[in-house]
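Note sheet for the following structure.
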Amino acid sequence: MKRSLAVIVSVFMSVLLLISLSGCGATKKAPSSNATPEKKKIGIVQIVEHPSLNTIRESFVQQLEKEGFKDGQNVIIDYQNAQGDQTNLKTICQKFANNKYDLIVAIATPSAQAAVGETKEIPIVFSACTDPLGSGLVSNMERPGQNVTGTSDAVSAEKIMELAKRITPNIKTIGALYNSSETNSISVINNLKEYARKNGMTVVEATVTNSSEVQQATSSLVGKVDAIFSPIDNTVASAMPVVAQVANKAKIPVYVGADSMVKDGGLATYGINYKVLGQETAKMAAEILNGKKAGDIPVKTISDVDIYINQDTAKAIGITIPEDVLREAAQVFGE
3 MKRSLAVIVS VFMSVLLLIS LSGCGATKKA PSSNATPEKK KIGIVQIVEH
53 PSLNTIRESF VQQLEKEGFK DGQNVIIDYQ NAQGDQTNLK TICQKFANNK
103 YDLIVAIATP SAQAAVGETK EIPIVFSACT DPLGSGLVSN MERPGQNVTG
153 TSDAVSAEKI MELAKRITPN IKTIGALYNS SETNSISVIN NLKEYARKNG
203 MTVVEATVTN SSEVQQATSS LVGKVDAIFS PIDNTVASAM PVVAQVANKA
253 KIPVYVGADS MVKDGGLATY GINYKVLGQE TAKMAAEILN GKKAGDIPVK
303 TISDVDIYIN QDTAKAIGIT IPEDVLREAA QVFGE
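Counting in the working numbering, the sequence shown runs from 3 upward without gaps.
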């Protein structure tokens with residue numbers, strides 16, 4: 003009996019020894035050299051829905067893929083729209099910052115200002131910011147410094163008004179329709195006022211703070227002005243069909259700052275191509291994702307501008323677009 007017990011104990015101890023030796027001799031499995039790298043997170047924040055900004059976003063994503071960064075493959079793109087609400091903007095940018103995204107793409111000046119206010123570490127690339135200096139986004143266009151760079155859609159009010167004089171030469175009083183809280187709009191309106199002063203014209207202002215005020219503001223200009231001017235203003239652009247409806251009924255030409263605003267009922271502009279703007283923004287983003295510092299990349303202003311005309315609007319207000327203007331136009335809507 004004792005011998006049997008001794009055998010059992012001996013076997014038990016041998017098993018324990020084997021288990022112990024097995025544990026001591028175990029080696030951790032080396033990580034696979036084919037492990038998939040973690041996808042970089044890109045947050046896109048857009049102030050509001052309107053065609054110009056949508057075009058920027060869509061062309062940005064397309065160009066970014068051409069640069070080697072495809073959504074769902076090696077990057078994750080999180081698109082958020084603030085629907086014109088500043089509180090939403092702040093919440094979105096806080097989310098991007100708190101979750102430590104690898105890149106923030108801010109479409110339009112209010113979006114960029116909100117993003118800059120939330121992080122000094124995460125790279126920010128803005129797009130469609132008319133006046134990056136005046137908006138406080140950068141202190142130097144050639145060498146922005148810190149964590150910010152981007153593209154500007156600055157177009158001279160003087161250039162648009164020179165086009166207006168070719169189409170409707172008898173303008174003496176111009177209505178300025180814009181959001182008084184958008185710094186990009188204010189800079190263009192100041193340019194308009196300077197042009198008016200030099201050319202003996204009068205500017206009548208009609209300002210808004212949100213899209214629900216656009217119809218009333220436009221109506222307030224009826225009977226007071228020969229034409230209406232609106233810069234690349236996100237609030238007005240989002241309500242452009244309303245502006246066109248009021249102005250067309252009153253037979254007032256509306257000159258605007260963006261091609262999409264012409265498509266939505268404005269008469270004409272000398273503007274940039276927003277698809278190109280989105281592409282240039284994506285090229286900057288790709289440089290940053292490849293390791294370059296945002297602050298070392300110069301802010302880019304698109305220099306190529308084209309004439310855009312809306313023939314349906316011209317007919318509605320009884321205006322004939324001069325043939326030389328039509329020949330120069332990059333696009334004529336309503337043909």
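Each residue gets a CB set at the ideal place from its N, CA and C atoms; glycine is no exception.
Inclusion of Val50 and Gly74 in the CB contact set at 8 angstroms is not warranted, their separation being larger than that value. For Pro233, the number of other beta carbons within 10 angstroms of its own is at least 16, and it is reported as buried. Contact check for Lys43 and Tyr103: beta-carbon distance about 4 angstroms, within the 8 angstroms limit, so the pair qualifies. Distance from the CA atom of Ile311 to the CA atom of Ile274, rounded to whole angstroms, is 13 angstroms. The C-beta distance from Ser154 to Gly147 rounds to 17 angstroms, too long to fall under 8 angstroms, and the pair is not in contact. Of the other Cβ atoms in all chains shown, 16 or more fall within 10 Å of the Cβ of Thr111; this residue is therefore buried. Here Val264 is not near Val248, since their CB atoms are 8 angstroms or more apart. Annotated three-state conformation of Ser61 is helix, per DSSP. Under the three-state reduction of DSSP output, Asp80 falls in the strand class.
Secondary structure of Phe98 (DSSP, three-state): helix. The residue among Pro53, Val63 and Pro39 with its C-alpha nearest the C-alpha of Glu282 is Val63. Inter-residue distance for Asn90 and Ala116 is about 10 angstroms (C-alpha atoms, whole angstroms).
Check the Cα spacing between Lys302 and each of Ala260, Val334, Gln313 and Gly280: the tightest is with Gly280.
Ser221 is positioned such that its CB atom lies no closer than 8 angstroms to that of His52. The continuous beta strand (DSSP E) containing Asn312 extends over residues Asp308 to Asn312. Apart from sequence neighbours up to five positions away, the residues of its chain that approach Gly336 with a beta-carbon distance below 6 angstroms are Asn312, Gln313 and Asp314, ordered along the chain.
Beta-bridge partners assigned by DSSP to Tyr272: Ile309.
Residue range Val216 to Leu223 is occupied by the alpha helix (DSSP H) that includes Ser222. Counting along the chain, the unbroken alpha helix (DSSP H) around Tyr197 starts and ends at Thr185 to Lys200. For Ile79 and Lys72, the gap between their C-alpha atoms comes out near 9 angstroms. Three or more beta-carbon pairs drawn from the segment 126 to 145 and the segment 290 to 299 are found closer than 8 angstroms, and the two stretches are therefore classed as touching. Taking C-beta separations shorter than 6 angstroms and ignoring five residues to either side along the sequence, the partners of Ala114 in its chain run Ala108, Phe128, Cys131 and Leu139, following chain order. Counting along the chain, Thr121 sits inside no beta strand (DSSP E), nor does DSSP assign it H or E at all.
Taking Gly268 as the centre and dropping the five residues before and after it, the same chain places the C-beta of Val256 and Val258 closer than 6 angstroms to its C-beta, in chain order. With respect to the 8 angstroms criterion, Val157 and Val327 are not classified as neighbours on the basis of their beta carbons. Annotation for Asn181: Ser187, Val210, Asp235 and Thr237 place their beta carbon closer than 6 angstroms to its own, counting only its chain and skipping 5 residues before and after.
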